[in-house]
Amino acid sequence: MSARFVPVPTPETGTYWEKAAEGELWLPRCDSCGRAVFYPRSFCPHCHGDDLTWFRASGRGVVESFIINHNPAPGYEQDAPYVIALIMLEEGVRLTTNLLGVEQTPDAVRIGLPVEVVFEQRDGIALPQFRVITGDGASG
Amino acid sequence: MNRAAGSSPVIIAGAAESPQLGTVPGQSAMMLAVSSARLALRQTGLAWADVDGLASTLPVVDLASYVGIRPGWLDGTVVGGCSSMLHVRHAVAAIRSGAASVVVVAHGESGRSRVGMPPRAVDPASMAGQFEQPYGMSGTFSRFTLPVLAYLHTYGLSPDDLAEVPVAQSEWAAGNPRAYRDKPLDIHAVLSSRMIAWPFRVLECCPLTDGGGALVLMSARRAADLDLEHRPVTVLGSGESCEGPGASFMEDLTSFAGFREASARAFRESGLTQADIDHLMIYDAYAHVPLYGLEDLGFVGRGEAVPFLRSGATRPGGSLPMNTNGGGLLYTHTGMYGMFAIQEAVRQLRGDAFAAVPGVRTSFVQGIGGMFGAAGSLVLSNT
Ligand SMILES: [Zn+2]
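Chains as they are written, first to last, in this note's numbering: chain R, 744 to 883; chain X, 23 to 405.
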């Protein structure tokens, strides 16, 4: 059992977590307006269209904002201080994440850093996390 | 019996905070609310039997039962720290429509001592629980603060600029025996205080305190034959709005839609503009929130809040006195701070604030709820 907080899927979000368990990041997209929707829900909040279709997202994005938490949550004691970041995905939706593959300091992390999705196994849930892409797009 | 206020203005006829504030382990949240409400009622000369409307951040049925009344109008809206602003807005509508004639709005919270409080927990099936909380969130300081770097980056500001907020506000709180942090602060003191969640130091984060506050609202007509202890404060306008279940769900990380829309509604309803406002309260759970507030409410342009603060405009003697109790950062913050911002605006309009600003006729009070979730605005006047 991880001491870390474990999310509980709901009917709207089930596909997100099922695909994450297969190591893939999937998002719902509106059939009417074509916009990706996050968080997942039962219809489109942009145009109020009825039908959303899940698709596999690129898993790539950039750091949009971040803090460095000095007061660890349960299960994070060994990692403090650690980054909590907001990622803007190529698909135009924003995810929260920790930031892997980079020193957890204000100097090392910066807005605009390119990142890619990886998955953390946590009590039967695969949690999307992001790591910094180093070099010319090769994962580091 | 037609009690509808119709066109009669709705006033705050009584307003009081709990006698004890800060660390109050001997009182439950309910006691803190009720002690405030009794003081506020006493200022109007009315008794509980006269109260036919009740709104609270506490379970409102429990509160009604506690004080022994069965009001004909209840409001249990809880949308976080700005709930008290929404209660006032709803009470004004209820009084205007005749649904209630005397409304008590009460807040009590044992945020520090946790006496008579539900356990704090994020529901793991909520959207914030699924998509924010799993990433090592350990308190609101790690959630509410997430957008700030995007804001600072956009306007070429430094993370250290956040210190301007508590420094300016400390000039108001200094020496106030009711303020949790009552010392004057300089930039160095703030920047050398303990790091909580970079770039936020402890003096850029609200403390957690115990306290309560209550208001009594009625129409000016209803108050006409009462011997009010204080000058009445009129609610000229109000607004409310919301955006999402967490900061990560904001449309724009550098601006809060709730602030923009609630404040615009309140200004429109009051018929006043920013230039007409003498005194300002902007909810400050963390140092960045007043920066968003000053810009989103239209008191300064985008990216101009830090230079505005640095100019001294919000300090004693400045052109726009702001957070004159020291704010949630310095005065008190029980978890939901909104009631205390309203109380300070009322005190300034009555002329009995600790750091009284001369000649205040109008005050704008801006609340926020959740992590950039809900917003509530009030325009108050003493004329
Ligand atoms: Zn759509």
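Beta carbons are placed, not taken as given, at the ideal position from N, Cα and C, and that holds for glycine.
| Check | Outcome |
| --- | --- |
| Residue-chain proximity (X:Ser270, chain R), Cβ-Cβ < 7 angstroms | yes |
| Per-residue DSSP class, three states only, for X:Leu174 | helix |
| X:Val238 and X:Gly36 closer than 7 angstroms at C-beta | yes |
| Sequence-distant residues of the same chain with beta carbon closer than 6 angstroms to X:Pro343, five excluded per side | His301, Val379 |
| Alpha helix (DSSP H) segments (min. 4 residues) lying fully within the segment 79-133 of chain X | 82-89, 105-119 |
| Cutoff 7 angstroms; reference X:Ala269; Cβ partners in own chain excluding five residues on either side | Arg165, Phe166, Leu168, Pro169, Met393, Phe394 |
| Outcome for X:Gly158 when other beta-carbon atoms lying within 10 angstroms are tallied against a minimum of 16 | buried |
| Test: R:Pro849 CB closer than 7 angstroms to a CB of chain X | yes |
| Against chain X: residues of the segment 772-786 of chain R by CB proximity under 7 angstroms | Tyr782 |
| Within-7 angstroms CB hit, X:Met23 to chain R | Any reading at X:Met23 must be qualified, since the residue scores a pLDDT of 39, below 50, and its modelled position is unreliable; no value is offered. |
| Simplified DSSP assignment, three categories, for X:Arg243 | helix |
| Residues sharing a beta bridge with R:Asn841, DSSP | R:Ile827 |
| Short CB-CB distance (under 7 angstroms) between X:Thr167 and chain R | yes |
| Contacting positions in the segment 786-812 of chain R - beta carbon closer than 7 angstroms to chain X | Glu807, Ser808, Phe809, Ile810, Ile811, Asn812 |
| Any non-hydrogen atom of ligand 1 within 6 angstroms of R:Ser775 CB | yes |
| Nearest to X:Thr346 (by Cα), restricted to the options X:Leu184, X:Ala201, X:Glu317, X:Ile34 | X:Ala201 |
| Residue-chain proximity (X:Met149, chain R), Cβ-Cβ < 7 angstroms | yes |
| X:Ala284 beta carbon less than 7 angstroms from that of X:Glu262 | yes |
| Nearest-angstrom Cβ-Cβ length linking X:Ser135 and X:Thr45, presumed shorter than 8 angstroms | 7 angstroms |
| Beta-carbon contacts of R:Glu767 that lie in its chain and below 6 angstroms, excluding the five residues immediately before and after | Arg799 |
| Rounded C-alpha distance that separates R:Asp774 from X:Gly151 | 27 angstroms |
| Rounded separation between R:Gly883 and X:Ala219 - CA only | Caution is warranted here: a pLDDT of 39 is assigned to R:Gly883, below 50, making its placement in the model unreliable, and the coordinate value is therefore given only provisionally. Distance between the alpha carbons of R:Gly883 and X:Ala219: 27 angstroms. |
| Any C-beta of chain R under 7 angstroms from that of X:Arg343 | Residue identity differs from the one stated: residue 343 of chain X is Pro in this sequence, not Arg. With 7 angstroms as the cut-off, X:Pro343 does not count as an interface residue toward chain R. |
| Euclidean distance between Cα positions of R:Met831 and X:Ser160 | 23 angstroms |
| Local Cβ density within 10 Å of X:Asn24, reported as buried at 16 or more and exposed below that | The pLDDT assigned to X:Asn24 is 44, lower than 50, so where the model puts this residue is not dependable; a value taken from the coordinates is nonetheless given after this. Per the 10 Å Cβ criterion, exposed. |
| Chain X within 7 angstroms of R:Gly883, Cβ atoms only | Legend: pLDDT at R:Gly883 = 39, less than 50; position of this residue unreliable, value from coordinates given subsequently. No, R:Gly883 does not count as interfacial toward chain X. |
| X:Phe281 (DSSP reduced to helix, strand or coil) | helix |
| Residue of R:Pro857, R:Arg747, R:Leu770 minimising C-alpha distance to R:Glu755 | R:Leu770 |
| Cβ pair count under 8 angstroms reaching 3, the segment 71-85 of chain X against the segment 112-126 of chain X | yes |
| Identity of the residue in X:Glu317, X:Gly391, X:Val255 nearest X:Glu366 by Cα | X:Val255 |
| Any non-hydrogen atom of ligand 1 within 6 angstroms of R:Gly792 CB | yes |
| Per-residue DSSP class, three states only, for R:Glu767 | coil |
| Within chain X, the residues that R:Ile876 reaches when beta carbons sit closer than 9 angstroms | The premise fails here: R:Ile876 is roughly 19 angstroms from chain X at the closest Cβ pair, so nothing lies under 9 angstroms. |
| Own chain, CB closer than 8 angstroms to X:Ala86, minus 5 neighbours either side, in chain order | Leu76, Arg92, Pro93, Leu96 |
| Neighbourhood of X:Glu154 by C-beta, 7 angstroms cutoff - its chain only, sequence neighbours within 5 removed | Arg165, Gly268, Ser270 |
| Alpha-carbon spacing of X:Phe330 relative to X:Ser385, whole angstroms | 19 angstroms |
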